[in-house]
Amino acid sequence: MKKLFCRLIAFAVLLSVASSAFAQIFYKVEGNGAKDASYIFGTHHLAPLSILNNYPSLAAACDSAEAVVGEIDMTQGELQMMMAMQPYMTAPADSTLFSLLSPEEFNDLNQKFLPYSPQPGVDLNVLGGMKPMVISSIVAMGEIAKDLPGFNPSEQLDKYFQTKFAAEGKEVVALETPDMQASLLYGFFPIAKQLADLRELLGNPSELAANATRLNEAYLKGDLEAMQALTEQEDSDPAFMNALSTIRNRDWLQKLPALINSKHCMIVVGALHLAGDDGIVEGLRRMGYTVTPIN
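Mapping to my numbering: the sequence shown position 92 is 129, numbers consecutive.
In structure tokens form, the structure reads like this:
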């Protein structure tokens, strides 16, 4: 369950304390050939948009930026994004829930899933061709919504920034594509492992919600170190965490200097990508940039 929690929250997929804590997710980047100043803001998929009110200098930073740099381009149509991700979400014909489960097992799992159905009539008879991780994500979001009343999946921080910049005629730059993220989230683990995780989740969904609440509270306090510690404590699968964070950070660090050196950028990515020695903050510092926390 602990490992599954981190896999789901990672994409699903990430308020007010002493101002010094705010510095951990908002930074200014200067020097080393940078075109004036760029900025980094760490996001979390479960945080409300109201958290932006806690960073009074953020609006001016956005106004000065010429481009927003995000993980993927969230301004493209939802249908286009879904079509790119669909091949990675669909299970092979011999590995669907229909073929892996007996009729009795299928019906039992379906009954446990029904309270999380995204809309009437959508049950495992409709979703049975999807990989189990897709269904786990639906269950996770439904359970999290119960414990986080302010959570609105249609109002995510990353999309807010990109939509704002696009509306102002500014550039939206993506560090990777939707299919790259879908390949990692839905393709890293074998179908059998995904099914075992789905069964475990439906057996005790409240545990995931409790963990998600703790992670969200750490983010709302601006406590990046606590977020990193909680994630590392909850997931002991080093291969997945390496693929999820370290490898992607290295790839982004190869792309960011050219962007920072050519235009004023607002870099908006998941907060955990900022943390630790392998994070983009320390990575940019090693390259010679001055990365300063903004209180």
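All C-beta atoms, glycine included, are put in the ideal place defined by N, C-alpha and C.
Item	Value
Based on DSSP bridge pairs, tell me the residues matched to E67.	T327
Could you tell me if P242 is buried or exposed, where buried requires 16 or more neighbouring beta carbons within 10 angstroms of its beta carbon?	buried
How would you call V163, buried or exposed, if buried means at least 16 neighbouring beta carbons within 10 angstroms?	exposed
Give me the residue from D234, D288, G307 with the minimum Cα distance to M264.	G307
Considering just the uninterrupted stretch of the beta strand (DSSP E) at S191, what are its terminal residues?	Unbroken run through S191: none, as it is neither H nor E.
Any idea which residues DSSP pairs G79 with across the strands?	V306
Assuming A177 contacts F225 (C-beta within less than 8 Å), just tell me the rounded distance between them.	Contact doesn't hold; Cβ gap of about 16 Å is too wide.
Where do the N-terminal and C-terminal ends of the alpha helix (DSSP H) with A121 fall, by residue?	115-126
So, is P85 buried or exposed, given that buried needs 16 or more other C-beta atoms within 10 angstroms?	buried
Since V305 and F78 are thought to touch, with beta carbons under 8 Å apart, how far apart are those beta carbons, to the nearest angstrom?	5 Å
Does the stretch 124-140 come close enough to the stretch 246-254 that 3 or more CB-CB pairs lie under 8 Å?	no
Mind checking S191: buried by the 16 CB within 10 Å criterion, or exposed?	exposed
Identify whether M111 lies in helix, strand or coil by the three-state DSSP scheme.	coil
Can you check which of these residues, Y326, S94, Q291, E269, is closest to A312 by C-alpha distance?	E269
Can you give me the C-alpha to C-alpha distance between D110 and H310, rounded to a whole angstrom?	17 Å
Following the continuous beta strand (DSSP E) through V210, name the residue where it begins and the one where it ends.	208-211
Going by DSSP, what residue range makes up the alpha helix (DSSP H) through M170?	169-184
V159 by DSSP, collapsed to three states: which one?	coil
If you drop the 5 nearest sequence neighbours on each side, which residues of the same chain put their C-beta closer than 6 Å to that of S57?	With a pLDDT of 34 at S57, under the threshold of 50, the modelled position of that residue is not reliable, and the figure given next carries that caveat. So no residue of the chain qualifies.
Which runs of the alpha helix (DSSP H), 4 residues or longer, sit entirely within the stretch 254-290?	261-271, 275-278
Does the beta-carbon of F59 have 16 or more other beta-carbons within 10 angstroms, so that it is buried, or is it exposed?	With a pLDDT of only 39 at F59, under the threshold of 50, the placement of this residue in the model should not be trusted, and no figure is reported.
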